[in-house]
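*Asks:* Per UniProt numbering, the very first residue in the sequence shown carries number 1; after that it's consecutive.
The beta carbon of each residue, even a glycine, is placed where N, CA and C say it ideally should be.
I am attaching a structure below and will ask some questions about it afterwards.
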Amino acid sequence: MKFAFAKDLDHQLAAIDAVTGLFAGQEALRGTSGCGNRLCLDADTILANLRDVQNRAGLAPEPSLDSMNFTIEMETGTGKTYVYLRTIYELNQLYGFTKFVVVVPSVAIKEGTAGSVDMLREHFGALYGNPPVQAFQHDAGNISRIRAFAASSGVEIMIVTAAAINKRTNRIHQAVEELDFERPIDLIRATEPVVIVDEPQSVYGDDGPASRKAGAGRWGVGELNPLAVLRYSATHAKHDKGNLLYRLDAIAAYEKQLVKQIEIDSLVTESSTQPYVRLLGVRRAKSGFTARVEVDVAGGGRKGVTVDTVDRRNLATATKLTRYERLNIVGISAVPGAESVTFDTVAEPLRVGDALGEEVSPGERARQMIAQTIRQHLRKEREFALQGRKIKVLSLFFVDSVAKYRVYQNGEAQPGEYATIFEEEYARIADEPIADARRSHQGYFSVDRKATGERLVDTSESSEKGRQQAGLAYEQIMRNKVELTTPGTPIRFVFSHSALQEGWDNPNVFQICVLRNMGTERWRRQSVGRGLRLCVDGNGDRQHGFAINRLTVIANESYEEFAEQLQRELAEDLGIEFGVATVDGFARLQYRDGDGQMRPVGAATAESVLKALRHAGYVDAQGKVEDSLRAAVRSPELKALVDSVAPRESGVILGLIKRLAKPLDVTRADRHVDVIPERPQSPELIELWNRISHRTEYRVNVDEAALRKALVEALHDIAVPERTSEWRTNVVQRIDHSGLSANTAAVRHVGITRDEDLPDILSVLADQTRLTRSTLAHVLTESGTLPRFRRNPQAYLTRASALIKSATARLLVNGLRYELVERHCPPLPREARLSGSAEQNFALHLRERADVKAFVKLPPSFQVATPLGTCTPDWALVVERAEGDRHLVLDTKGATDKIDAVRLHFAAMGVEFHVVDSVEAVDRCLG
């Protein structure tokens, strides 16, 4: 199979034209000026060309030309390498440029670029008439090749890593015998090469903005004496995006379906009875350090929260769960490679990726993730087979270390933990022989060639030996790239921890399983980027559309945390804040003009739109959306405003505004309502307040034997379901300036082996029910339901507590008596905060009723004591009747175990008490 390449993809041609347009007016120099490049344009012409390119692309034009460094932003998987290699051919054909240096950050990308040159040679040759093009990989061993690079009259492409040029001690900067004691760098400088920097944020090595401390890589690129520097990346540093020629970022690529659609599989388990904490990452902040942790939250589910040590709050504050009350974070370490948090009640620090209170052991979680990856892989293969598509499906596992995949005993290679799990789960799920399972997977790691044979090893590219070992792996990867993508070849599952981080993006990766404990919070965007490339079929033809291209990430965290952090990483890379109106956000929008052509809105129109929104009070000075915009989003006034400044572009602009203006946040719409503004000192209101403010005491007569019997009967038929765990698949539908949105597409229940210590059931229930341990021990034992507790501890505790409290309430009320003890007259509240539109409507309805003479929203401090705890009713009112005023207290929260006791409390004062759930229920109650 050979890869087929499309020659007319609009986004790639636009990126190429942006660069060639920069040199408009340059005459082609062929055979008249030696063997190097020469620029005939002055700075003013280059600046004019730059502004013209930017205006056509909808980019803000540069005020001046500060350097000959130019930026091209292309999302991972959209053909960046194709674009800059084809740009070389275009620059040669149009302007006669012949000398090019491609600077890359690592051996991986160097190997990948060299492989792409060879793979594209025939394709480009057909487009450009087979010009003589020579490419080579520079390293210390082939230094003499640089003379041919400088002397040749044809197109020369030198591919070099940053590490080979970023130190004065590099051989390229030394006088060498092979070049008659000339410095190789001087030969290169004389040619004035066009330098292409692939991933400049990695090549340069800047410590913050270059003006503060430029990196060694930036110095090395400058030493090449470039005619111009073309910088290509999806994630340029924020401070280094000057002279932007073209932009195809993650938002645009996703919207145009130039990359795979993303879906996230996350394992959802029921909450444990133990406090659960997983450390996701540690960051430096202005005030110190912060830690991102995943925790259980009230109401079910898990989410990530950011905590610090400044106020020493425990996690119970963030989770609203009492089981976290003893977990206080007292220390955060941001030492690279050893990031951790320390708790005052836990002996060992918690490291990134590790968890406390995890009912699913790390080994079981890894097994479930591997199994889910296999299931998704086989589903995708079946789907393509049913559609008659010959597309090879690959799955990628990121692992902690080589030992997880391969171990060596007495010199013999043996499957590691994850390889063993994979083969077991593959044979079980695929129902295929173990031999097929072993043939279906392969590991790509650095290789150490010893006398005893090759071994896979953990290494980095920080040393020459490490680069050589990594190079062996990359050679193997590139050699197998076509084979891996060819339908029918056996390897379908790839294990790695370095090979795909950069340099090799196989287009047919459809599943990525992250088994690693990543030491950085930025792994999501990096990992997803490995599989975004559109797939190819068995003929090598690129396949388009989300219907075919969908990348499934099997995540080691909840979907909510993954999506939130992926969105944060995207915002950092793009230099934007999701949900904020910006010139850039409007400028990049595409609309169809009168000729049917797609054009960008552009910076000038975008500035006018944003200015109009600010003037109307719809956004603040920073572009943050105000509630007034949320309220006006469907109004004709907003459409008229946009039409007035951008009549042709209003459709796409209004679409983005509607996405930015998420629904009104009711909790932010709290307002104060005066109790009775027109009669704050009315006698009726004062009488009502004085009456309901009486203090009471209660007495309870309880038969202990009867109580125990009632509780045993209540628990006898307690229903406790099996604990469920499920894989939930969420498909990302849209990525734009309003953020990331997704829908749940599938749910699959799975059985999990759990590793959990059971809680002290008597202590938990005693805290929740206020009964003695001896009473509870008798009830639990006699009910015969304790085996159900082991089946699902959290569900048992929740339901047992509710049943016990309900049965206790019924029994206690029968023997409950309230007595007035003293009059207590706290100040009458002048206003009350209403939480949401329901309470606001309730207050307005009471005010509109002519027979309601006075009413008050009871404050949180107004509490009624009951044997089962305190209760705060919602409203007190005086209703006019011919036979005399009625005094009522209303509660809108619904029936609870305390309601009957509260009713007895107010009955002792001669006040009616009712539970209502709507304004219609109020009307029925008042008659």
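With three or more C-beta pairs closer than 8 Å as the rule, is the segment 225 to 239 touching the segment 73 to 87?
*Replies:* Yes, the segment 73 to 87 is in contact with the segment 225 to 239.
*Asks:* Would you mind working out which of ALA603, VAL821, ASP265 and GLY884 sits nearest ASN743, comparing C-alpha positions?
*Replies:* The count along the sequence shown starts at 1 and reaches residue 743 at position 743. The option with the nearest alpha carbon to ASN743 is ASP265.
*Asks:* Would you mind stating whether LEU245 and VAL103 have Cβ atoms separated by less than 9 Å?
*Replies:* On the sequence shown, position 245 is the one that residue 245 refers to. On the sequence shown, position 103 is the one that residue 103 refers to. No, the pair does not count as a contact, with Cβ atoms beyond the cut-off.
*Asks:* Tell whether a beta-carbon distance below 9 Å holds between GLU839 and LYS853.
*Replies:* Locating residue 839 in the sequence shown gives position 839, where the first residue counts as 1. Locating residue 853 in the sequence shown gives position 853, where the first residue counts as 1. It is not a contact, given that the beta carbons lie outside the stated cut-off.
*Asks:* Which residue wins for smallest C-alpha separation from ARG492, given the options TYR444, ARG525 and PHE913?
*Replies:* The residue labelled residue 492 in the question sits at position 492 within the sequence shown. Checked all of TYR444, ARG525 and PHE913; the closest Cα to ARG492 is TYR444.
*Asks:* Report all residues from its chain with a CB closer than 8 Å to the CB of ARG790; omit the five preceding and five following residues, and keep chain order.
*Replies:* Locating residue 790 in the sequence shown gives position 790, where the first residue counts as 1. LEU758.
*Asks:* Which residues share a DSSP beta bridge with PHE70?
*Replies:* As a first step, residue 70 must be located in the sequence shown, where it is residue number 70. DSSP output for PHE70 lists LEU230 as bridge partner(s).
*Asks:* Taking the alpha-carbon of PHE136 as reference, which of ARG147, LEU267 and GLY129 has the nearest alpha-carbon?
*Replies:* For the purposes of this step, residue 136 is identified with residue 136 of the sequence shown, where counting begins at 1. It is ARG147.
*Asks:* Straight-line CA distance for LEU532 to PRO200?
*Replies:* As a working note, residue 532 is residue 532 in the sequence shown. As a working note, residue 200 is residue 200 in the sequence shown. If I take the Cα positions, the gap works out to 21 Å.
*Asks:* Distance, Cα to Cα, PRO209 vs ALA237?
*Replies:* Here residue 209 corresponds to residue number 209 of the sequence shown, with the count starting at 1. Here residue 237 corresponds to residue number 237 of the sequence shown, with the count starting at 1. Near 9 Å, if we compare the C-alpha coordinates of ALA237 and PRO209.
*Asks:* What residue range is occupied by the uninterrupted beta strand (DSSP E) comprising ASP198?
*Replies:* On the sequence shown, residue 198 is found 198 positions in, with the first residue counted as 1. Taken as a continuous stretch (DSSP letters only), the beta strand (DSSP E) holding ASP198 covers 194 to 198.
*Asks:* What residue from GLY623, ASP308, ALA338 and ARG323 has the CA that sits closest to VAL330's CA?
*Replies:* Your numbering for residue 330 matches position 330 in the sequence shown. Here the closest residue by C-alpha is ASP308.
*Asks:* Between which two residues does the beta strand (DSSP E) holding GLY288 run?
*Replies:* If you number the sequence shown from 1, residue 288 lands on position 288. That run of the beta strand (DSSP E) goes 288 to 296.
*Asks:* Put HIS694 into one of helix, strand or coil per three-state DSSP.
*Replies:* Stepping through the sequence shown from its first residue, residue 694 is reached at position 694. HIS694: strand per DSSP, three-state reduction.
*Asks:* Looking only at C-alpha atoms, which of PRO336, ALA706 and ASN328 sits nearest to LEU811?
*Replies:* Counted from its first residue, the sequence shown places residue 811 at position 811. Nearest option by C-alpha distance: ALA706.
*Asks:* With a Cβ-Cβ cutoff of 9 Å, do ILE899 and VAL915 count as a contact?
*Replies:* By one-based count along the sequence shown, residue 899 stands at place 899. By one-based count along the sequence shown, residue 915 stands at place 915. Yes, Cβ-Cβ distance for ILE899 and VAL915 is below 9 Å.
*Asks:* So which of ARG695, ASN166 and LYS893 has the shortest CA-CA distance to GLY222?
*Replies:* As a working mapping, residue 222 is identified with position 222 in the sequence shown. Of ARG695, ASN166 and LYS893, the residue nearest in Cα terms is ASN166.
*Asks:* Write down the C-beta distance between TYR618 and ALA632 rounded to the nearest angstrom, noting that I regard them as a contact closer than 8 Å.
*Replies:* Position 618 of the sequence shown holds residue 618. Position 632 of the sequence shown holds residue 632. With 8 Å as the limit, TYR618 and ALA632 qualify as a contact, their Cβ atoms being about 7 Å apart.
*Asks:* Are the CB atoms of ASN170 and GLY217 within a distance shorter than 9 Å?
*Replies:* Sequence index remark: in the sequence shown, residue 217 carries index 217 (1-based). Sequence index remark: in the sequence shown, residue 170 carries index 170 (1-based). Their beta carbons are not under 9 Å apart, which means GLY217 does not touch ASN170 by this criterion.
*Asks:* Between THR808 and LEU711, is the Cβ-Cβ spacing less than 9 Å?
*Replies:* In the sequence shown, the residue the question calls residue 808 occupies position 808. In the sequence shown, the residue the question calls residue 711 occupies position 711. Against a cut-off of 9 Å, the Cβ pair of LEU711 and THR808 comes out as a contact.
*Asks:* In angstroms, rounded to a whole number, what distance separates the CA positions of VAL645 and VAL601?
*Replies:* Counted from its first residue, the sequence shown places residue 645 at position 645. Counted from its first residue, the sequence shown places residue 601 at position 601. Cα to Cα, VAL645 sits roughly 12 Å from VAL601.
*Asks:* Going by DSSP, what residues sit across from CYS871 in a beta bridge?
*Replies:* Counted from its first residue, the sequence shown places residue 871 at position 871. Paired residue(s): VAL864.
*Asks:* Out of LEU776, ILE692, ARG550 and ALA4, which has the shortest C-alpha to C-alpha gap to PRO859?
*Replies:* Numbered from 1 along the sequence shown, position 859 holds the residue referred to as residue 859. Ranking LEU776, ILE692, ARG550 and ALA4 by Cα distance to PRO859 puts ILE692 first.
*Asks:* Give the DSSP-derived three-state secondary structure of GLU848 in the structure shown.
*Replies:* Position 848 of the sequence shown, counted from the first residue, corresponds to residue 848. Correct three-state label for GLU848: helix.
*Asks:* Please list the terminal residues of the continuous alpha helix (DSSP H) segment that includes HIS377.
*Replies:* For the purposes of this step, residue 377 is taken as residue 377 along the sequence shown, with counting starting at 1. Taken as a continuous stretch (DSSP letters only), the alpha helix (DSSP H) holding HIS377 covers 362 to 387.
*Asks:* Pick from SER628, VAL879 and PRO193: whose alpha carbon is nearest that of ALA850?
*Replies:* Start at 1 with the first residue of the sequence shown, and residue 850 comes out as number 850. The residue with the shortest Cα to Cα distance from ALA850 is VAL879.
*Asks:* Helix, strand or coil: which one does DSSP assign to ARG588?
*Replies:* Position 588 of the sequence shown, counted from the first residue, corresponds to residue 588. It is coil, neither helix nor strand.
*Asks:* From which residue to which residue does the alpha helix (DSSP H) around SER801 run?
*Replies:* Translated into positions along the sequence shown, residue 801 becomes position 801. Element bounds for SER801: 793 to 814.
*Asks:* Round the Cβ separation of ARG588 and ALA252 to the nearest angstrom and send it over; I've been treating them as touching at under 8 Å.
*Replies:* As a first step, residue 588 must be located in the sequence shown, where it is residue number 588. As a first step, residue 252 must be located in the sequence shown, where it is residue number 252. Confirmed, Cβ separation roughly 7 Å.
*Asks:* Label THR729 either buried or exposed according to how many other C-beta atoms from any shown protein chain fall within 10 Å of its C-beta, with 16 as the threshold for buried.
*Replies:* Sequence index remark: in the sequence shown, residue 729 carries index 729 (1-based). Result: buried.
*Asks:* With distances taken between CB atoms, is the gap from TYR818 to ALA876 smaller than 9 Å?
*Replies:* Position 818 of the sequence shown, counted from the first residue, corresponds to residue 818. Position 876 of the sequence shown, counted from the first residue, corresponds to residue 876. No, Cβ-Cβ distance for TYR818 and ALA876 is not below 9 Å.
*Asks:* Can you have a look at THR870 and say buried or exposed, based on whether 16 or more other CB atoms are within 10 angstroms of its CB?
*Replies:* By 1-based counting over the sequence shown, the position of residue 870 is 870. Exposed, by the Cβ-count rule.
*Asks:* Starting from HIS53, trace the alpha helix (DSSP H) in both directions and tell me its first and last residue.
*Replies:* Numbered from 1 along the sequence shown, position 53 holds the residue referred to as residue 53. The residue asked about is misnamed: residue 53 is Val in this sequence, not His. Residues 43 to 57.
*Asks:* Cα separation between GLU381 and VAL393?
*Replies:* Taking the first residue of the sequence shown as position 1, residue 381 is located at position 381. Taking the first residue of the sequence shown as position 1, residue 393 is located at position 393. Spanning the two alpha carbons is a distance of roughly 6 Å.
*Asks:* Measuring only the C-alpha atoms, how far is HIS173 from LEU566?
*Replies:* Within the sequence shown, numbered from 1, the residue matching residue 173 stands at position 173. Within the sequence shown, numbered from 1, the residue matching residue 566 stands at position 566. Each residue's Cα considered, the two are about 41 Å apart.
*Asks:* Please determine if the segment 125 to 143 and the segment 45 to 60 are in contact, where contact requires at least 3 C-beta pairs separated by less than 8 Å.
*Replies:* Contact between the segment 125 to 143 and the segment 45 to 60 is absent, because fewer than three Cβ pairs lie under 8 Å.
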